[in-house]
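As given, the protein sequences belong to chains A and B, one line each in that order.
If you read the first sequence in our numbering, its first letter stands for residue 439, the second for the next number, and so on.
If you read the second sequence in our numbering, its first letter stands for residue 10, the second for the next number, and so on.
C-beta: ideal position from N, C-alpha, C; glycine also.
Every value quoted in this text rests on a predicted model; they were computed, and no experiment measured them.
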Amino acid sequence: MDLYLPIANLSVNALVIVGLGGIVGLLSGMFGVGGGFLTTPLLIFYGIPPTVAAASAASQVTGASVSGVFTHISRGTVDFRMGGVLIAGGVVGAGLGVLIFRLLQYLGQIDTVIGILYVLMLGGIGLLMAKESIQALIALKTGRRPQARKRRHHPLVAALPMRWRFYRSGLYISPLAPLLLGMATGILTMLLGVGGGFILVPAMLYLLGMTTQSVVGTSLFQILFVTMATTMMHAMTTKAVDLVLAMLLLIGSVTGAQVGTRLSMTIRPEYLRVLLALIVLLVAARMALGLGWRPDEIFTIELN
Amino acid sequence: MRRRDLWRLAPVLLLGAAAAPQLVPDVSQRDIEIQYSFTGADLLLFGAIVYPDGNRPEKPADIVVVLKGPEQSITMREKQKVAGIWVNADRASFRSAPSFYAMASSRPIDRIVDERTAAIYELGVDKLQLSPSSLNDSAELSRFQEGLVDLRERSGLFVERPGTVEISDGVLYRARLPLSARVIVGDYTAETFLVQDGRVVAAAVRDITVRKSGFEQFMAVAAEKWSFLYGLTAIALAVGMGWAAGAIARRV
């Protein structure tokens, strides 16, 4: 079933795109991540121009995170104050991302930077997750209860001036820390079309020292609004959001996300985390190979 | 573009005084609409060769048809291995690279015309005049031109079909050229050249318009003109579908 994408200017097999969205949605439902880190590379691999891929993937992450946010709000596990600060940072970061995007495009290094960022981000987070989840698995097998981690924030965070109380997160820290964190994820969202949950969740746990209960809800809340802002910025600046492509991805991913959520309830979370770490490391390894191998296309064309 | 066409027709007009043959060309579709199901088009370029007093020459003449898309100003980058990874290192800019170029001829082009004539009439993807606007030496430029041709050939935007023009009874010709689904909208030209003894003795041009229609046209315009509303629609769509899926799943 071929369908013409009006912004990407090419025709694609609609079923392939829906299926791709479905796989990403399934993963996002199972692991509670946006899945943008898979969508963008897969779309580029399929032949969609990178800018269109990143711009349209952001709206797919929005769709995948909506129902999660509603669930977490009803359970009371969203820290709105923390979320608000993160979103403010995220929107500023997305704005900065636009400038960086333009600069890199002008220099002609956007592909390389995107590739390196992917490898560093996914490789680092993947290793961290793998180490932690394997330790959890060993603890599970030997029947030892893992030692409760002492919850406290990084000394650098404590050094920042001006302190606010974040009740639901159980924190009394400077709002500058989550603001900067939000900015970093905003830049990543703009450049890579990822939600940034990968960076956000570990950073909130280990750098800010938030309570585990409110981490996932708050990060989803931030991702929802930042991907919305990013979609808007892409629509206004790069004009590369393809509604037909986004629609196809959404059909697949929202359905997949629901199936994934159900699946995740039947599998032990320890195994899920190992699986996710493996997928992340695989994508990182593939991107790393892509940087070092001779690419299929030595030449690229860019319109002036 | 226009002026260059006129210049090309000049020798034909001059010859016209003496009894020169004429071409009466046409295309199967003058208006190509890109719709949701657009996967490319197959164009039939056909026509007649009209000889004065109906005298056909002893040696059969050759026909070359060229279908050309709007010209674009482009920058090309070349990846090289730097410190173990492939990065864009070299670049070149061209002011007039055709976004689409398809050519069919009745015999292989090097047996119809010589190099110089082929270059003058841009017959063949290696003969395109791209007007470089950056300071590269000629070896670099030809490397970039080869890269461009290779990329565009693989995406179906540059097509060469030598020996596919059929000429029946020396007066009627027909050729098929494929228009890839990746073509951009704009004004295209279908040029036909009549070649006799290595010289172009007649030429004619037909215009073809490629445009998006209906929904596709509306989307393209909306993304450009009403980008705020367009962005808002994308967001509303994402939120709405995500919410709806969640609501349905809770009931099932």
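So, helix, strand or coil for Met6 of chain B, using DSSP?
Residue 6 of chain B is absent from the structure shown; chain B starts at 10 and stops at 261.
Grab me the residues of Glu42 of chain B's own chain with a C-beta within less than 7 Å of its C-beta, minus the 5 sequence neighbours each way, in chain order.
If we look at Glu42 of chain B and ignore the five residues flanking it on each side, its Cβ neighbours are Arg220, Ser222.
Leaving out five residues before and five after Pro187 of chain B in sequence, what residues of the same chain have Cβ atoms less than 8 Å from its Cβ?
The answer, listed in chain order, is Gly49, Ala50, Asp51, Leu52, Ala111, Gly165, Val168.
Is any beta-carbon of chain B found at less than 7 Å from that of Glu708 of chain A?
So, not an interface residue.
So, using beta-carbon positions, are Ala243 of chain B and Thr669 of chain A closer together than 7 Å?
In this structure, Thr669 of chain A lies closer than 7 Å to Ala243 of chain B by Cβ.
May I ask whether a heavy atom of the ligand SAM can be found less than 6 Å away from the beta carbon of Val697 of chain A?
With respect to the ligand SAM, the structure shown offers nothing to examine, as it has no ligands at all.
Check whether the Cβ atoms of Leu139 of chain B and Ala106 of chain B sit closer than 7 Å, and answer yes or no.
Yes, they are a contact pair.
Taking the CB atoms as reference points, tell me whether Ala722 of chain A and Gly473 of chain A lie closer together than 7 Å.
Not closer than 7 Å, so no.
List the whole-angstrom C-beta distance separating Ala615 of chain A from Leu598 of chain A, where the pair is believed to meet the contact cut-off of C-beta under 8 Å.
Indeed they touch by this definition, with Cβ atoms about 6 Å apart.
What residues of chain A sit near Leu157 of chain B, judged by a beta carbon separation below 8 Å?
Within 8 Å Cβ-Cβ: Phe737, Ile739.
Taking the Cβ atom as the reference point for each residue, do Leu658 of chain A and Gly528 of chain A lie within a distance shorter than 7 Å?
Contact flag unset, no.
If we require 4 or more residues per run, which alpha helix (DSSP H) segments fall completely within the stretch 531-568 of chain A?
Counting whole runs of 4 or more residues, the stretch 531-568 of chain A contains no alpha helix (DSSP H) stretch at all.
Name, going along the chain, the residues of the stretch 668-680 of chain A whose beta-carbon falls closer than 7 Å to a beta-carbon of chain B.
Answer set for the stretch 668-680 of chain A: Thr669, Met670, Ala673, Met674, Lys677, Val679.
Taking Cβ-Cβ distances below 7 Å as the criterion, which residues of the stretch 204-237 of chain B are in contact with chain A?
The residues in question are Lys221, Glu225, Met228, Ala229, Ala232, Glu233, Ser236, Phe237.
Cβ atoms of Gln81 of chain B and Ser102 of chain B: under 7 Å apart, would you say?
No, these two residues do not count as a Cβ contact at 7 Å.
Could you please give the first and the last residue of the uninterrupted beta strand (DSSP E) stretch that includes Met85 of chain B?
Counting along the chain, the beta strand (DSSP E) containing Met85 of chain B begins and ends at 80-91.
Answer with buried or exposed for Thr704 of chain A, where buried requires no fewer than 16 other C-beta atoms within 10 angstroms of its C-beta.
The residue in question, Thr704 of chain A, is exposed, as its Cβ has fewer than 16 Cβ neighbours within 10 Å.
Just to confirm, is the Cβ distance from Thr656 of chain A to Met567 of chain A under 7 Å?
It is not a contact, given that the beta carbons lie outside the stated cut-off.
Cα-Cα, which of A:Arg724, A:Ala695, A:Val697, A:Leu542 is closest to Leu629 of chain A?
It is A:Leu542 whose Cα lies nearest to the Cα of Leu629 of chain A.
Does the distance from the CB of Val74 of chain B to the CB of Ala184 of chain B come in under 7 Å?
Yes. Within cutoff.
Nearest to Ile552 of chain A by CA position, among A:Val504, A:Phe475, A:Ser494, is which residue?
With distances taken between Cα atoms, Ile552 of chain A lies closest to A:Phe475.
From Leu575 of chain A to Val639 of chain A, what does the alpha carbon distance come to, in whole angstroms?
Roughly 20 Å separates the two Cα atoms.
Buried or exposed for Pro444 of chain A, please, with buried defined as at least 16 other CB atoms from any protein chain shown within 10 angstroms of its CB.
Classification of Pro444 of chain A: buried, given that the 10 Å Cβ count is 16 or more.
Alpha carbon to alpha carbon, how far is Ser449 of chain A from Asp216 of chain B? Give it in angstroms, no decimals.
Computed Cα separation, rounded: 25 Å.
Which residue marks the beginning of the alpha helix (DSSP H) containing Val387 of chain A, and which one marks its end?
Residue 387 of chain A is absent from the structure shown; chain A starts at 439 and stops at 742.
From which residue to which residue does the alpha helix (DSSP H) around Ile486 of chain A run?
First-last for Ile486 of chain A: undefined, no H or E at that position.
Could you work out which residue in A:Arg711, A:Ile625, A:Asn447 is closest to Gly535 of chain A when comparing CA atoms only?
Comparing Cα-Cα distances from Gly535 of chain A to each of A:Arg711, A:Ile625, A:Asn447, the minimum goes to A:Ile625.
Shorter than 7 Å from the beta carbon of Ala684 of chain A to some beta carbon of chain B?
Yes, contact with chain B.
Have a look at Leu618 of chain A and Val194 of chain B and give me their C-alpha separation to the nearest angstrom.
If you take the alpha carbons of Leu618 of chain A and Val194 of chain B, they lie about 44 Å apart.
Can you list, in chain order, the stretches of the beta strand (DSSP E) that have 3 or more residues and sit fully within the stretch 146-212 of chain B?
Correct list: 167-171, 175-177, 181-188, 195-205.
Use the C-beta contact count for Lys234 of chain B: other C-beta atoms within 10 angstroms, 16 or more gives buried, fewer gives exposed.
Exposed, since its Cβ has fewer than 16 Cβ neighbours within 10 Å.
Which value, in whole angstroms, describes the spacing of the CA atoms of Arg86 of chain B and Phe737 of chain A?
Approximately 6 Å, taken between the alpha carbons.
What separation, rounded to the nearest whole angstrom, lies between the Cα atoms of Gly698 of chain A and Thr509 of chain A?
Each residue's Cα considered, the two are about 15 Å apart.
In the structure shown, what three-state DSSP assignment does Ala128 of chain B receive?
Looking at Ala128 of chain B - three-state DSSP - the assignment turns out to be helix.
Alpha carbon to alpha carbon, how far is His592 of chain A from Leu609 of chain A?
C-alpha separation (whole angstroms): 12 Å.
Under a CB-based cut-off of 7 Å, is Val692 of chain A close to chain B?
Output row for Val692 of chain A: interface = yes.
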